[in-house]
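Residue numbers (the numbering used here): 52 to 502.
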């Protein structure tokens, strides 16, 4: 048991080391809180591990050899981090509350923070106690990982029945390969230990959201909106189970937030980070590609409208293209599409899904009260909707909504809405966008950047 514990710790620490190495070497001008930099490092390192596992597999290497190579890289990375510590330290932002806070506000903040912490603990315990039993997890995501782990290789032969994990070979491989890494680190397949990925991404989502909203909002408002996000039943559900949607949700929110920070702080290096996370989003789920493109397009439109566009700001787009290019070329060579429905992009007209979508939005199930709050907030703060970088957030939120609406109204993908398979998951990726946007609308601190 103790050996398993240290293996689990290693499986979590190793992506952080890789991520810190990338941040130190490539993004030294960025400013983060201590927790934020750990979250970013884990998310970036996890994607680096899965990406290298895929690329090295293209050369015919089995996973045992790849694991050894990554261990050597991990050791070298740790040495580099220790050596560079003498010459370079990441710029850590310490959060300081400069304004006095009344006792009742302090009490409310403490209560909500304790509730958020208890929610994170609940998700972690639930994830640990429950095996992988949900259909999509058993039939797709963990199935791919189990096949890779049991065969000791990523199967790239299209003639094999286990090609790219057997089922839905067009699905991106970040999550299955990350689970495979967990299993390799543990030395065996253990559902509970491997599922630690999902509470980590859930916790990371909360940290990225809260620490960045605090840059413009008061502590009380930040805690309230972070509480609202962390207690969404659908988000909590996906954080406990083996679905890729919570992982995609984290990366897409990171894309949105760091493009926003590049605008708010006039620092293009945050846009570079957003470009990296955009590529990882496409490496996580197919819809991540299209939603990332919508956010990037919204960012470019904002820069053009505000006359802030410079040629060097095309670098984040190039980062996105370069990082996703290997997977895109691979899918093209092996004729793997981006959708599961035949003729998915054949245009048509399916208005019957509109009342279904509306019913799902306004029903009393789960978290749907949020959309009432969202609309009321837009009406209440209509003067702020397009102030400064709020325009970028508005374009991103509305653009993502219209993407899904158009996808189901004008293409054969409408079958997914009628059957109720994906609508909740699609909205899961949009809701954090909208909560962050509304949180900023509630803020009066439009000049508050330094914490």
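Where is the CB? At the ideal position from N, CA and C, for every residue including glycine.
Checklist entry - Are the beta-carbon atoms belonging to residue 397 and residue 474 less than 7 Å from one another? => result no
Checklist entry - What number of angstroms, rounded off, separates the C-alpha of residue 280 from the C-alpha of residue 480? => result 12 Å
Item to check | Close beta carbons around residue 113, own chain, < 7 Å, minus the five adjacent residues each side | outcome: 203, 204
Item to check | Presumed contact (8 Å Cβ cut-off) between residue 297 and residue 249, rounded CB distance | outcome: 6 Å
Item to check | 8 Å contact criterion, which residue 306 and residue 328 should meet: CB distance rounded | outcome: 5 Å
Checklist entry - Going by alpha carbons, who is nearest to residue 126 out of 64, 172, 170? => result 64
Item to check | Rounded straight-line distance, which links the Cα of residue 193 to that of residue 177 | outcome: 18 Å
Item to check | For residue 381, the nearest candidate out of 478, 208, 81 (CA to CA) | outcome: 208
Next on the checklist: Closest to residue 336 by C-alpha separation, out of 321, 379, 362, would be which residue?
Outcome noted: 379
Next on the checklist: Restricting to Cα atoms, I'd like to know which of 80, 313, 191, 130 is closest to residue 361.
Outcome noted: 313
Checklist entry - residue 489 and residue 447: beta carbons closer than 7 Å? => result no
Next on the checklist: Please state the DSSP three-state secondary structure of residue 507.
Outcome noted: This structure cannot speak to residue 507, because the chain is shown only from 52 to 502.
Checklist entry - Does DSSP put residue 112 in a helix, in a strand, or in coil? => result coil
Next on the checklist: Is it the case that the segment 314-325 contacts the segment 268-275, given that we only count it when at least three CB pairs across the two stretches are under 8 Å?
Outcome noted: no
Checklist entry - In terms of residue numbering, what span does the alpha helix (DSSP H) encompassing residue 454 cover? => result 441-461
Checklist entry - If we count Cβ pairs, one from each stretch, closer than 8 Å, do we get three or more for the segment 252-259 versus the segment 84-97? => result yes
Checklist entry - Under a three-way DSSP split, which group does residue 289 fall into? => result helix
Next on the checklist: Whether or not the segment 72-80 and the segment 128-137 are in contact is what I'm after, with contact meaning three or more pairs of Cβ atoms, one per stretch, closer than 8 Å; do they touch?
Outcome noted: yes
Checklist entry - Are residue 302 and residue 331 touching if we call contact CB-CB under 7 Å? => result yes
Checklist entry - Alpha carbon to alpha carbon, what distance is there between residue 387 and residue 369? => result 23 Å
Next on the checklist: I need the boundaries of the alpha helix (DSSP H) containing residue 353, first residue and last residue.
Outcome noted: 337-356
Next on the checklist: If distances are taken between C-alpha atoms only, which option among 83, 98, 79 comes closest to residue 375?
Outcome noted: 98
Next on the checklist: Buried or exposed for residue 293, going by 16 or more other Cβ atoms inside 10 Å?
Outcome noted: buried
Item to check | Burial state of residue 406 (16 or more Cβ within 10 Å) | outcome: exposed
Next on the checklist: Measuring only the C-alpha atoms, how far is residue 212 from residue 465?
Outcome noted: 29 Å
Checklist entry - Can you give the beta carbon distance from residue 218 to residue 190, rounded, assuming they're within the 8 Å contact cut? => result 6 Å
Item to check | Cut-off 6 Å between Cβ atoms - residues of its own chain near residue 309, not counting five sequence neighbours on either side | outcome: 321, 324, 325
Next on the checklist: With distance defined between alpha-carbon atoms, name the residue in 371, 185, 444 nearest to residue 350.
Outcome noted: 444
Next on the checklist: Which same chain residues end up closer than 6 Å to residue 450 when comparing Cβ atoms and leaving out the 5 residues on each side of it in sequence?
Outcome noted: 345, 349
Next on the checklist: Given this structure, state the Cα-to-Cα distance separating residue 167 from residue 422, to the nearest angstrom.
Outcome noted: 22 Å
Next on the checklist: Given this structure, state the Cα-to-Cα distance separating residue 59 from residue 252, to the nearest angstrom.
Outcome noted: 16 Å
Checklist entry - Are the CB atoms of residue 216 and residue 223 nearer to each other than 7 Å? => result no
Item to check | Same chain, Cβ closer than 6 Å to residue 389, five either side skipped, listed in chain order | outcome: 337
Checklist entry - By Cβ distance below 7 Å, which residues in the same chain neighbour residue 352 in space, the five residues on each side in sequence not counted? => result 446
Next on the checklist: Can you tell me whether residue 266 is buried or exposed? The criterion is at least 16 other CB atoms within 10 Å of its CB, across all chains shown.
Outcome noted: buried
Checklist entry - In angstroms, rounded to a whole number, what distance separates the CA positions of residue 415 and residue 430? => result The predicted model places residue 415 with a pLDDT of 48, which falls under 50 and marks its position as unreliable; any figure quoted below should be read in that light. Distance between the alpha carbons of residue 415 and residue 430 is about 22 Å.
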